[in-house]
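As structure tokens, the structure follows; a few thoughts come after it.
Dropping the structure here:
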């Protein structure tokens with residue numbers, strides 16, 4: 001199996017067709033059929049490392065201020081409770097808990113998978129982001145997960161390399177501020193040449209603007225960890241910006257980015273609450 005990181009942007013991308021969602025669709029058509037999909041989503045950011053272990057995970061609409069059509073989305077693949085034991089074993093001595101009922105599939109996962117795997121017939125499991133742990137921990141845990149690729153598990157990180165909701169500008173629907181571009185381009189250089197160094201981006205001059213909170217950046221570390229552990233080549237699936245302060249860059253690991261078509265900017269933000277108050 002390859003691995004991948006998706007810059008998911010705002011959840012309205014689940015309802016639209018644009019060049020980013022077309023890239024996600026092209027990815028889903030190009031990969032071998034996974035036995036399961038393990039997703040590290042920016043939106044399960046808690047004080048523990050856990051894996052969903054329920055047979056039927058629920059669709060979580062973890063946002064507000066969006067139109068009813070988005071709340072009507074149901075992405076309901078089966079879970080795979082047995083994958084918890086595989087993950088716990090493979091990352092030992094790191095501790096991982098089994099989540100039997102508290103979480104499910106959040107929009108960081110389903111807004112991408114509804115395009116990449118629209119039939120929702122492949123088991124999906126989420127791995128939480130432990131907010132108490134360092135970047136090195138997340139990078140190393142990603143590396144520990146790498147052998148799952150050999151057993152048909154598709155490892156996905158879903159977040160945004162640059163994610164500053166307080167800085168969004170509705171006047172820039174398809175552009176990035178200078179600082180966002182500098183940070184995203186440096187991340188790209190490291191992902192393509194030396195992914196094990198991605199965790200050092202906290203020393204970049206634009207880090208505080210690009211990563212005001214670490215939740216959307218950390219999923220990239222898991223995919224970088226997989227890449228570093230396997231020496232698998234990394235490719236850019238799609239790149240670009242939304243509203244000045246969001247990077248939509250996505251990467252593949254161990255697989256050349258598929259040829260894709262499609263245009264259009266990332267989904268528009270809804271009118272209503274400010275972006276940093278809508279949990280996008």
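Residue numbers (the UniProt record's numbering): 1 to 280.
All C-beta atoms in this analysis are idealised placements derived from N, C-alpha and C, irrespective of residue type, glycine included.
Model, not experiment: these values are computed from the prediction.
{"Asked": "Top-ranked residue by Cα proximity to residue 70, from 2, 19, 238 and 106", "Found": "106"}
{"Asked": "Straight-line Cα distance separating residue 265 from residue 226", "Found": "30 Å"}
{"Asked": "Three-way DSSP call (helix, strand, coil) for residue 243 in this model", "Found": "coil"}
{"Asked": "Integer Cβ distance of residue 41 from residue 142, believed to fall under 8 Å", "Found": "At roughly 14 Å, the Cβ-Cβ gap does not stay under 8 Å, so residue 41 and residue 142 are not in contact."}
{"Asked": "Status (buried if at least 16 other CB within 10 Å, exposed otherwise) for residue 176", "Found": "buried"}
{"Asked": "DSSP bridge partner residues for residue 130 (one or two, in chain order)", "Found": "46"}
{"Asked": "Cβ-based burial, residue 28 [other Cβ within 10 Å; buried from 16]", "Found": "buried"}
{"Asked": "Selection from 79, 164 and 94 that minimises the alpha carbon distance to residue 214", "Found": "164"}
{"Asked": "Where residue 76 falls, given that 16 or more other Cβ within 10 Å makes a residue buried", "Found": "exposed"}
{"Asked": "Where the alpha helix (DSSP H) containing residue 82 begins and where it ends", "Found": "82-91"}
{"Asked": "Cβ pair count under 8 Å reaching 3, the region 149-163 against the region 89-97", "Found": "no"}
{"Asked": "Counted within 10 angstroms of its Cβ, other Cβ atoms place residue 132 as buried (16 or more) or exposed", "Found": "exposed"}
{"Asked": "Distance between beta carbons of residue 170 and residue 241, contact taken as under 8 Å", "Found": "Between residue 170 and residue 241 the Cβ distance is about 13 Å, and since that is not below 8 Å, they are no contact."}
{"Asked": "Distance between residue 258 and residue 183 (C-alpha atoms, nearest Å)", "Found": "25 Å"}
{"Asked": "Counterpart residues of residue 6 in DSSP-defined beta bridges", "Found": "158"}
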